[in-house]
Amino acid sequence: MVSLEPSGPWSRERADEFLTQTTIPLRLSCRTPAGDPWMLSLWYEWDIENTELRCATSADADVVRFLRAHDDVAFEVSTNDPPYRGVRGRGTASVEPDAEKTVLRRLIGRYLGDDETPLTKRLLSPDRDEVSIRIRPTKLHTWDYTSRM
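Read left to right, the sequence shown gives residues 86 to 234 (the numbering used here).
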């Protein structure tokens with residue numbers, strides 16, 4: 086396991102637990118090729134052993150072009166309802182082909198379950214080219230306002 090101790094109230098183990106168990110989409114901040122800020126939400130999985138986040142998206146999504154131009158990113162996974170808590174950080178992102186949709190299939194199971202929804206069928210369509218986005222954090226920060234709320 087890569088050692089990356091977060092700042093804030095949580096230990097690395099608590100941050101790992103939160104990122105593994107929480108199924109709120111990750112908010113990803115990056116820059117366009119022109120250098121303008123851009124933010125989007127993506128499903129994610131947390132790989133504890135490699136200390137990295139993985140997301141999936143269509144190969145022709147704007148964010149793919151953006152990340153290929155500038156690989157530095159910021160991200161946040163935080164609760165939407167009180168008590169507010171979460172993990173944020175920064176790092177670098179890489180885009181890799183995922184012809185078998187391996188990451189996407191795991192994310193569908195994580196966020197939707199194994200049911201055959203219209204969204205699942207559209208996402209797994211043979212006509213859709215898929216990529217994975219690998220985010221390697223260089224900084225993690227946690228917060229937890231449970232005691233204030």
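By construction, the Cβ of each residue, glycine as well, lies at the ideal position given by its N, Cα and C atoms.
These numbers come from a predicted model, not from an experiment.
query: Beta-carbon spacing of T187, W95 below 9 Å; result: no
query: Straight-line Cα distance separating R139 from E102; result: 16 Å
query: Proximity below 9 Å, CB of S114 to CB of W123; result: yes
query: R173 - containing alpha helix (DSSP H), residue span; result: Not the alpha helix (DSSP H): R173 falls in the beta strand (DSSP E), residues 170-182.
query: Coil, strand or helix - A119 by DSSP; result: coil
query: Check whether V172 and R219 have beta carbons under 9 Å apart; result: no
query: Extent of the continuous alpha helix (DSSP H) to which A154 belongs; result: 147-154
query: Counterpart residues of K206 in DSSP-defined beta bridges; result: DSSP, once it has assigned bridges, lists no residue as partnering K206.
query: Helix, strand or coil at D101 [DSSP, three-state]; result: helix
query: Beta-carbon gap between S143 and R195 smaller than 9 Å; result: no
query: Reduced DSSP secondary structure (H/G/I, E/B, other) of S96; result: coil
query: P118 versus F151 - alpha carbon distance; result: 6 Å
query: Cα-Cα separation, A141 to M234; result: 34 Å
query: Best match in D229, L225, S210, T105 for proximity to T177 [C-alpha to C-alpha]; result: L225
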